[in-house]
Amino acid sequence: MKLIIDTDPGIDDAMAYFYAHAHPDIDLVALTTVFGNVTTDDATRNALWLTQMSKARTEVYQGSDKPLQIVPNRPSDHVHGPHGFGDVQTDMTEPPEPAGDAVDFLLRMARENPGVFTICAIGPLTNIAKAVTADPDFIGNLKRLVIMGGSLDAGGNITPHAEANFWNDPHAADIVLNAPGGGEVVVVGLDVTTKIAFVPQDFADLANAAPETGAFLQQIGDFYMRFYQTVSGKLHCYLHDPAAVVACDTPAHFSVKDVRLGVVTSGEAVGQMVRRSDGEGRLCKVCIDVDAQAVVDQFKQYTALNP
Ligand code: BDR
Ligand code: CA
């Protein structure tokens, strides 16, 4: 599978990256960056650092640095650290340059390779919304668009109503979920990702199996779990972004339902994903249940193939 990950790394974004990078059946062609957990400059630097650290051929393209329309952006330092990877510094002595503009790259790849690319969007949907607006055939030219974001019935994680990726650019999320044309859109939201817990022993197992990558993930994972502990009292975290990448290569782990969706763009519930009752809009495949243990096991199995 040829995969592009649109990402705001981000601790669980880094976990998703290492899974995709090591998976023998995934050709991770590019990372396109977006603001969200961090600024776009930090997201791009972190993406370049990840690809450099793992000696990957994966290219990095820099994307949007703000939402389509301004909404109050809440810093997520307490979740992902001041620059995205907890308290790990990602300074590079000779940082490489990104390969180009993310939206131009996404548009070109879809147009020139119809039916080939899966895009897994694990940050705010700003880049994808721009691509959809510029080319109504954009999603139809993909193999599949898999989105980590939203929540159908599970409530929010950044507000009582909204999931963080959709909250960070609700207008973009609304555009993408209602994009015209064909193609398949799969939504991997909090309804399933909050069933997939990762615990200290899981990070220890990875550190054992893949000493270099696993030690890095264990360190940033510790920061991430300590945030969850302040919220739930439990020292664990959720595999939000990794679950979306697993859904790209193994949809069978998830139960889906076809639903027409919208996203609230103003007021108290801004960022909330809602069912449309007017019969309009695209039918999206929303994940409503998951074999959580299978996702955890598969994530560990392939991520452990890293050095
Ligand atoms: C999503 O928000 C970000 O904090 C995570 O990286 C993930 O993409 C979960 O709501
Ligand atoms: Ca993310």
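Per our numbering, the sequence shown starts with residue 493, numbered consecutively. Here a beta-carbon is modelled for each residue, glycine too, at the ideal position from N, C-alpha and C. Just so we're clear, the structure is a prediction, and the values are computed from it rather than from any experiment.
The beta carbon of H732 sits closer than 7 Å to at least one heavy atom of ligand 1. Short of 8 Å from the beta carbon of T625, and not among the five residues preceding or following it, lie these beta carbons of its own chain, in chain order: I667.
Under DSSP, C612 takes part in a beta bridge, and its partners are I497, V638. Beyond the five residues adjoining it in sequence on each side, F510 comes within less than 6 Å, by CB distance, of T705, T795, N798 in the same chain, given in chain order. Taking 8 Å as the cut-off, the beta carbon of P606 is found no closer than this to the beta carbon of F527. Of H570, M717, C740, P652, the smallest CA-CA separation from F609 is found for C740. Comparing C-alpha distances from G681 to each of L637, A646, L542, D498 shows the shortest one belongs to A646.
Ranked by how close their Cα comes to the Cα of L634, the residues F658, D534, L599 have L599 in first place.
By the Cβ neighbour-count rule, N700 is exposed, with fewer than 16 other Cβ atoms within 10 Å of its own. Residue side-chain check: S568 places its Cβ nearer than 7 Å to a non-hydrogen atom of ligand 1. DSSP, read as helix, strand or coil, puts I780 in strand. In this structure the region 727 to 744 does not lie against the region 529 to 543, because fewer than three pairs of beta carbons, one per stretch, are closer than 8 Å. The beta carbon of P588 sits closer than 6 Å to the beta carbons of L540 from its chain, once the five residues preceding and following it are set aside; these are given in chain order.
Counted as a single uninterrupted DSSP element, the alpha helix (DSSP H) harbouring G706 occupies residues 703 to 724. The C-alpha of I562 lies about 33 Å from the C-alpha of D781.
Inside the region 524 to 559, DSSP marks whole alpha helix (DSSP H) runs of 4 or more residues at positions 532 to 545, from first to last along the chain. The beta carbon of I712 sits closer than 7 Å to the beta carbons of I503, A506, F577, G578, V580 from its chain, once the five residues preceding and following it are set aside; these are given in chain order. Annotation: the continuous beta strand (DSSP E) that includes D750 extends over 746 to 755.
Cβ-Cβ separation between F690 and L731: approximately 5 Å, consistent with a contact (criterion under 8 Å).
Look at D498: its beta carbon is at least 7 Å from all of the heavy atoms in ligand 1. Remark: the C-beta of G647 is outside contact range of ligand 1, defined as less than 7 Å to any heavy atom. As a beta-bridge residue in DSSP terms, A522 pairs with I496, E551. Inclusion of S546 and H513 in the CB contact set at 8 Å is warranted, their separation being smaller than that value.
Setting aside the 5 residues that flank it on each side, K726 has no residue in the same chain whose C-beta is closer than 6 Å to its C-beta. DSSP places M765 inside the beta strand (DSSP E), whose first and last residues are 765 to 767. Note that the C-beta distance between A508 and P692 is not below 8 Å.
Within the chosen limit of 7 Å, ligand 1 does not reach the beta carbon of N619 with any heavy atom. Annotation: the continuous beta strand (DSSP E) that includes V678 extends over 677 to 680. Cβ contact annotation for R636 (same chain, cutoff 6 Å, sequence separation greater than five): T610, E676, in chain order.
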